[in-house]
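In my numbering, the protein residues as written are 70 to 252.
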């Protein structure tokens, strides 16, 4: 999926998704990070609230099944996305009833600055975003990875198993002509 910024005026950037849908307060934003997606809640005025591990470096223990200290942060969408592509993605609206936008935004903003336990499988950014929108902490990335682990027999509890499964899932869902971009 493709989402980029473009110059509307000399000083103002407007972010639009592939379908030109401007984010509305309470929308979920999916930011493509290559092997995984980062999730945030759009709260208005180009700001998102998201959950993660501040200053996470590649190879950190947070990418394993261990639990580490995470934090809920409010930042500009442009800052969180950087050069990565993003899109509005309320993909679970058909499965769960979205809460009222004002309640989603209120609860997301009330969470800013709070420490939470971060665990890739049980409490990650997607769990947080879905909890804010639907009241249900679920991660489709974890569900898909777990299902793939069950089908392939790969270990799903070890850090290496999780990374291998994420890589495998990314390869499977990436169109063949774009797979070279993964590596």
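Quick reminder that beta carbons are idealized off the backbone N, C-alpha and C, glycines included.
Asked, Found
"Own chain, CB closer than 6 angstroms to residue 212, minus 5 neighbours either side, in chain order", "none"
"Of the listed residues 190, 180 and 168, nearest to residue 105 (C-alpha basis)", "190"
"Buried versus exposed, by CB contacts within 10 Å (16 or more), residue 208", "buried"
"Beta-carbon gap between residue 143 and residue 120 smaller than 7 angstroms", "no"
"Span separating the alpha-carbon of residue 100 from that of residue 205", "20 angstroms"
"Span separating the alpha-carbon of residue 157 from that of residue 136", "28 angstroms"
"For residue 138, three-class secondary structure by DSSP", "strand"
"Collapsed DSSP secondary structure at residue 156 in the structure displayed", "strand"
"Beta-carbon proximity check, residue 92 vs residue 170, cutoff 7 angstroms", "no"
"Whole-angstrom distance between residue 152 and residue 165, CA atom to CA atom", "31 angstroms"
"Residue from 102, 210 and 183 whose Cα sits closest to the Cα of residue 160", "210"
"Paired residues, beta bridge with residue 110 - DSSP", "97 and 118"
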